[in-house]
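Single-structure report; data block below.
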Amino acid sequence: MHDMSGLTTSPCHFSFETEVVPLVRGHLAAALEDLPHDSDAALEVCAAWSALDQASQLPTMHDVPQPEDASTALECARAFLHDAMHTADSVTRAMAYGRAVRHVDDALQSHSVAAGGA
Amino acid sequence: MTYDAHIARAFRYAATALVERPGDDVDRATLGSFHRDAAVLLTETGGLATGIRPNRRDGVRVEELARHPVRVMLTHLNTIAHPDSPVDRPSPSQRWAGRPESPALVRDAVQAWHGLVVELLLARHALAEEGRRVGPPRAWSVIADVATLAETLATSMTDLLPPEPLDHKRLSVARTITTSLAVESREVARLAAVAAGDPARPVTTLGGPRTTGVVTVPRSNRLPDAVANLQHILTIEEASVPDLLAVARLLAQTSRAAATALAGAAPVSGIPEHLAGTADALARHATHLATAVTTHQTMLGSITLGSPLLIAQAREIGAIAVPGLRALHDRPAAAEAASPHLLRYAEIISTVTDAIRRTFADLDTRGLVLVRDRSDNAELGWRRTTPADLRDLTGHLNDAALAARTAPSPIRATPTAPIPAARVAAGGAFIDLQAALRRRQDNLRPVRPAHPMLSASPVPQR
Numbered sequence: 000m001h002d003m004s005g006l007t008t009s010p011c012h013f014s015f016e017t018e019v020v021p022l023v024r025g026h027l028a029a030a031l032e033d034l035p036h037d038s039d040a041a042l043e044v045c046a047a048w049s050a051l052d053q054a055s056q057l058p059t060m061h062d063v064p065q066p067e068d069a070s071t072a073l074e075c076a077r078a079f080l081h082d083a084m085h086t087a088d089s090v091t092r093a094m095a096y097g098r099a100v101r102h103v104d105d106a107l108q109s110h111s112v113a114a115g116g117a
Numbered sequence: 000m001t002y003d004a005h006i007a008r009a010f011r012y013a014a015t016a017l018v019e020r021p022g023d024d025v026d027r028a029t030l031g032s033f034h035r036d037a038a039v040l041l042t043e044t045g046g047l048a049t050g051i052r053p054n055r056r057d058g059v060r061v062e063e064l065a066r067h068p069v070r071v072m073l074t075h076l077n078t079i080a081h082p083d084s085p086v087d088r089p090s091p092s093q094r095w096a097g098r099p100e101s102p103a104l105v106r107d108a109v110q111a112w113h114g115l116v117v118e119l120l121l122a123r124h125a126l127a128e129e130g131r132r133v134g135p136p137r138a139w140s141v142i143a144d145v146a147t148l149a150e151t152l153a154t155s156m157t158d159l160l161p162p163e164p165l166d167h168k169r170l171s172v173a174r175t176i177t178t179s180l181a182v183e184s185r186e187v188a189r190l191a192a193v194a195a196g197d198p199a200r201p202v203t204t205l206g207g208p209r210t211t212g213v214v215t216v217p218r219s220n221r222l223p224d225a226v227a228n229l230q231h232i233l234t235i236e237e238a239s240v241p242d243l244l245a246v247a248r249l250l251a252q253t254s255r256a257a258a259t260a261l262a263g264a265a266p267v268s269g270i271p272e273h274l275a276g277t278a279d280a281l282a283r284h285a286t287h288l289a290t291a292v293t294t295h296q297t298m299l300g301s302i303t304l305g306s307p308l309l310i311a312q313a314r315e316i317g318a319i320a321v322p323g324l325r326a327l328h329d330r331p332a333a334a335e336a337a338s339p340h341l342l343r344y345a346e347i348i349s350t351v352t353d354a355i356r357r358t359f360a361d362l363d364t365r366g367l368v369l370v371r372d373r374s375d376n377a378e379l380g381w382r383r384t385t386p387a388d389l390r391d392l393t394g395h396l397n398d399a400a401l402a403a404r405t406a407p408s409p410i411r412a413t414p415t416a417p418i419p420a421a422r423v424a425a426g427g428a429f430i431d432l433q434a435a436l437r438r439r440q441d442n443l444r445p446v447r448p449a450h451p452m453l454s455a456s457p458v459p460q461r
């Protein structure tokens, strides 16, 4: 396990596509820590996590510092996924990253609506 | 550049188009124009690969999906490309101007579709320039590309539908078009992925009876069958831990959306207490399932292959059924029409939830569940489960099933007055589509996409 900040890690220092999914998972896990377990937003975070799954592979994850709130973690995950979409080795993976971003966007919207209603 | 290079760039624009959803300030006319251009180019690219060139006046005959799935998809694309009302179409040079230089530089939906259309144009030209007859494997490969991009087109067209329509009839027609295209394109993509002469249904990994394929859910009346099919697939295929978590998450979302729809329908229904009680049971079912998934998603894993069919069925429910149910939340009459199917869903969901819990327990017993472990004891960050690891998970799943069982008993009496939902379910193009899909999944894949399906049980020619 590596302890690294999602906000300070430079894509130039590692193989981006190899490292980006564990980093995204780290941010998604951080968001799940902060979100109510039974919320729509948490379910969408799980959907984003599933979109990154690859058969027969254990999901690797980098630990990231716990953010101030779930939105920050989700924004970080979105930014990494968005960049990964353009650097993915295969178009299949690029489409998977695109679908994951849609789930992250849905999570952000659900979180925002829930926060507004609270 | 070759067709492959251009279509790969088109896919990157497509991924961007999935992400860049149209906002309130989007130029709808321009984006709609790009959608139609994409439909034209996908039709033409499919035509180059197959020789199928739908006539502008051809209507979509979904009942032909069983015999000519590729033709039906291309005809549907052609219908989208040429709407009834005339549209201003920019010249190719206007299309070329202002295109994004790279998918990475795209900033909105219009730019994403602009780039996608230009790359599709180049891909179609490159395919035409190959100057040789497209062989069967190549034809199926191109058709797989067309089908995947057609599904992206359906998704983007759905994104463009107004949230609060002024004209319900037109919106209903638009929803029908996008939903049908999404269903058809996924079917063709699945067909393209199997080998020539093979059945369109996958052979099960456990060597047992063939599956029922994927049950599509163009309308809520198919939701109970699709969910029951999840349970059926669990009995004949070996799901992995991520598969089970994905299905449980999806059912939580489905139950929550169904609960909201039923609660909205209750005041206008003749059985308000029944609908409200079922809504309450489904809401609690969703809460327990959601807690089970979200507290374990990051902690569990497995190295088994899993069941692509289970995921395909779950994706079908997630892509069509859940958004459809959510769209009912502020339409009480439509929700009431769908309520018989949602009550049937509530009736069976506890047994499906039990099946998920049993499958988790079975995988655990066989040592196929791994738990993330941050301690030094787990060298690779993962270890086998202990008896306590899955206790919470199975407890929440059990609670979810119990909550679903608190729904009021089903009403079996024949209603004395006609139920609007019965009429909705009994008619319409979707019924033809469903019947055609079921027949198509019984058939074998032909050698070439343009050929009719090889039928194990002959379908009468029209």
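Those protein sequence lines, which keep their order, are chains A and B.
Just so you know, we're using numbering that gives the first Met the number 0 here: the first sequence kicks off at 0 and counts up by one.
Just so you know, we're using numbering that gives the first Met the number 0 here: the second sequence kicks off at 0 and counts up by one.
Ideal Cβ placement from N, Cα and C applies to all residues, glycine included.
Chain-ordered neighbours of residue i on chain B, where CB pairs are closer than 7 Å
i	result
proline 58/A	Gly300
aspartate 52/A	Pro241
valine 90/A	Ala7, Phe10, Arg11
Start and end residues, alpha helix (DSSP H) containing residue i
i	result
arginine 20/B	Neither: arginine 20/B is in no alpha helix (DSSP H) and is coded neither H nor E.
arginine 330/B	Where arginine 330/B is concerned, there is no enclosing alpha helix (DSSP H), given that its DSSP letter is neither H nor E.
arginine 35/B	27–49
asparagine 397/B	390–404
glutamate 100/B	Careful: glutamate 100/B lies outside any alpha helix (DSSP H) and carries neither H nor E.
aspartate 375/B	Taken as a continuous stretch (DSSP letters only), aspartate 375/B belongs to no alpha helix (DSSP H), as it is neither H nor E.
arginine 221/B	Element bounds for arginine 221/B: n/a, residue is neither H nor E.
leucine 304/B	It is not in any alpha helix (DSSP H) - leucine 304/B carries neither H nor E in the DSSP assignment.
aspartate 279/B	271–293
methionine 72/B	68–80
alanine 138/B	135–159
threonine 253/B	240–264
Cβ separation of residue i and residue j, assumed to be a contact under 8 Å, to the nearest whole Å
i	j	result
alanine 265/B	proline 271/B	4 Å
alanine 143/B	alanine 191/B	4 Å
leucine 115/B	alanine 13/B	6 Å
alanine 47/A	alanine 113/A	Not confirmed; about 17 Å, so no contact.
valine 18/B	histidine 81/A	7 Å
arginine 255/B	alanine 285/B	4 Å
proline 223/B	threonine 178/B	Not confirmed; about 18 Å, so no contact.
alanine 260/B	alanine 337/B	7 Å
leucine 126/B	valine 141/B	7 Å
Residue range of the unbroken beta strand (DSSP E) whose run includes residue i
i	result
leucine 80/A	Per DSSP, leucine 80/A belongs to no beta strand (DSSP E); it is in the alpha helix (DSSP H), 69–86.
valine 370/B	369–371
arginine 383/B	381–383
Where residue i meets chain A, residues with beta-carbon distance less than 8 Å
i	result
threonine 297/B	Arg24, Leu27, Ala28, Leu31, Trp48, Pro58, Met60
proline 322/B	By Cβ distance, chain A contributes nothing, its closest Cβ being about 11 Å from proline 322/B, past 8 Å.
valine 18/B	His81, Met84, Gly97, Val100, Arg101, Asp104
threonine 384/B	None at all; the shortest Cβ gap to chain A is about 14 Å.
tryptophan 112/B	Ordered by position in chain A, no residue passes the 8 Å Cβ test against tryptophan 112/B, which lies about 14 Å from the chain.
With 16 other Cβ atoms within 10 Å as the buried cut-off, status of residue i
i	result
histidine 328/B	exposed
histidine 110/A	buried
glutamine 91/A	Reading the sequence as shown, one finds threonine at residue 91/A and not glutamine. It is exposed - the Cβ of threonine 91/A has fewer than 16 other Cβ atoms within 10 Å.
threonine 253/B	buried
threonine 364/B	exposed
glycine 305/B	buried
leucine 51/A	buried
asparagine 220/B	buried
leucine 379/B	exposed
glutamine 110/B	buried
glycine 134/B	exposed
leucine 104/B	exposed
proline 21/B	buried
alanine 403/B	buried
alanine 332/B	exposed
asparagine 376/B	exposed
glutamate 236/B	buried
valine 172/B	exposed
leucine 205/B	For leucine 205/B, the predicted structure reports a pLDDT of 41, less than 50, and the residue's modelled location is therefore unreliable. A value from the coordinates is still provided. Result: exposed.
threonine 385/B	exposed
Under 7 Å from the C-beta of residue i: neighbouring residues of chain A
i	result
alanine 251/B	Leu42
threonine 294/B	His36
proline 102/B	His85
threonine 286/B	Asp37
Listed by chain order, chain B residues near residue i by CB distance under 9 Å
i	result
glycine 115/A	The premise fails here: glycine 115/A is roughly 17 Å from chain B at the closest Cβ pair, so nothing lies under 9 Å.
valine 19/A	Simply none; closest approach about 14 Å.
beta-carbon residue i near the ligand ATP non-hydrogen atom, thresh 6 Å
i	result
leucine 104/B	Because no ligand of any kind appears in the structure shown, any question about the ligand ATP cannot be addressed here.
Neighbouring residues, chain B, relative to residue i (Cβ below 8 Å)
i	result
alanine 93/A	Phe10, Arg11, Ala14
List in chain order: all unbroken alpha helix (DSSP H) runs of 4+ residues lying wholly within the segment 19–56 of chain A. 39–50
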